[in-house]
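In short: position in the sequence shown from 1, add 33, done, that's the working numbering. Have a look at the structure below before the remarks.
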Amino acid sequence: MERIEPHEAFAKLADGTRVEILEAVAAAERDGELREEMPTLSFSELYDRVDVSNSSRFAYHLDQLTGVFLHKTDDGYTFTWGGERIVRTILAGGYGKSLSFEPVAVDGHCPACGESVLRAAPAEVTIRVRCAACEQCVASYPLTPGLVADRDPAEIVRAAERRIRASYDDVIAGDCPKCGGRLELDVHETGVASGDPYASISRCQECWAPFGLPVSVWALSHPATVSFYWERDVDIRATPFWEFATYLVEGRWTVEATDDPRTYRITIREAGDELRLALDDELAVTDVTRLTSET
């Protein structure tokens with residue numbers, strides 16, 4: 034099939050019947066009617082689920098969706114990648130729904146001024162954790178309709194943090210969490226955060242989505258870091274990013290850079306012990322050293 038222009042694709046959704054057809058496929062999945070790997074509905078099964086005057090009119094609307102939002106197979110119809118993404122957004126209330134919640138205080142320190150007065154609050158399409166003293170943004174997370182539904186403010190913030198933490202594993206692997214495209218990495222010095230003056234920006238080469246991370250965060254998911262804290266009865270992967278800033282403020286995490294070639298060293302300190310991770314200019318860990326107080 035030839036590529037269809039975006040405005041032509043979205044024009045195909047300018048009819049309630051077509052949106053209802055997409056929702057019918059999603060509803061069948063929800064109700065457990067479709068259990069195979071590529072769930073499909075036949076023409077007649079779809080027709081029975083949609084309120085339309087006659088089969089000819091239904092066939093016309095189904096034909097408009099096929100190839101763009103639905104695949105046609107020998108067994109029936111199933112979602113394309115774009116079709117599934119858009120129907121999930123529709124069902125979650127992603128169009129025309131105002132998202133808000135009351136600000137909530139969270140534990141942690143501001144990496145810029147060191148104060149422990151952090152607030153998480155909605156900011157347009159994001160949740161932002163800011164310092165109430167200096168207004169520095171400590172962390173930012175996508176705010177989606179599904180997060181707000183049936184959760185209190187504290188639960189909303191924690192759920193957002195869990196989602197973005199999972200997506201950062203993709204970023205560190207070089208994969209875009211939104212579309213799976215290849216990420217291009219750039220590291221620059223900000224001078225904002227105490228203990229870690231460097232930030233990475235990974236930008237998707239396909240959908241252009243940017244993902245910003247302090248360089249120190251690239252050590253969070255490494256097995257050496259996880260085990261270092263697990264031995265101390267701490268699950269570092271469950272620690273919210275805004276609490277992690279406290280480690281920088283207290284000097285328990287520091288990041289240093291050297292040139293020719295460009296490298297970084299992340300040093301983690303706990304109870305007299307140290308874990309040192311060496312990273313190259315692509316922020317890949319090249320060496321790990323552990324130093325104990327006994328050493």
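Every residue gets a Cβ at the ideal spot worked out from N, C-alpha and C, and that includes glycine.
In terms of Cβ geometry, Glu315 and Leu180 do not form a close pair [threshold 8 Å].
In chain order, Pro144, Leu281, Val282 place their CB closer than 6 Å to the CB of Ser227, counting only its own chain and leaving out the 5 sequence neighbours on each side.
A distance of 8 Å or more separates the beta carbons of Val220 and Ser200. For a cut-off of 8 Å, the C-beta gap from Arg270 to Leu253 is around 7 Å, short enough to register as a contact.
Within the segment 75-134, the runs of alpha helix (DSSP H) at least 4 residues long that lie entirely inside it are, in chain order, 76-82, 88-98, 114-124.
Taking C-beta separations shorter than 8 Å and ignoring five residues to either side along the sequence, the partners of Arg191 in its chain run Pro273, following chain order. By the criterion of a C-beta distance shorter than 7 Å, Ala187 is surrounded in its chain by Val137, once the five residues flanking it on both sides are discounted. In the three-state DSSP reduction, Pro210 falls in the coil class, being neither helix nor strand. Pro247 is bridged by DSSP to Ala232. Counting C-beta pairs closer than 8 Å gives three or more between the segment 236-245 and the segment 202-211, which meets the contact rule. For the 8 Å CB-CB criterion, Thr296 and Leu312 form a contact. A distance of 8 Å or more separates the beta carbons of Leu324 and Phe261. By a beta-carbon distance limit of 8 Å, Asp185 does not contact Glu276. Their separation comes to about 19 Å. Under the three-state reduction of DSSP output, Ile37 falls in the coil class, being neither helix nor strand. Proximity of the segment 169-178 to the segment 97-117 falls short of the contact definition, fewer than three beta-carbon pairs being nearer than 8 Å.
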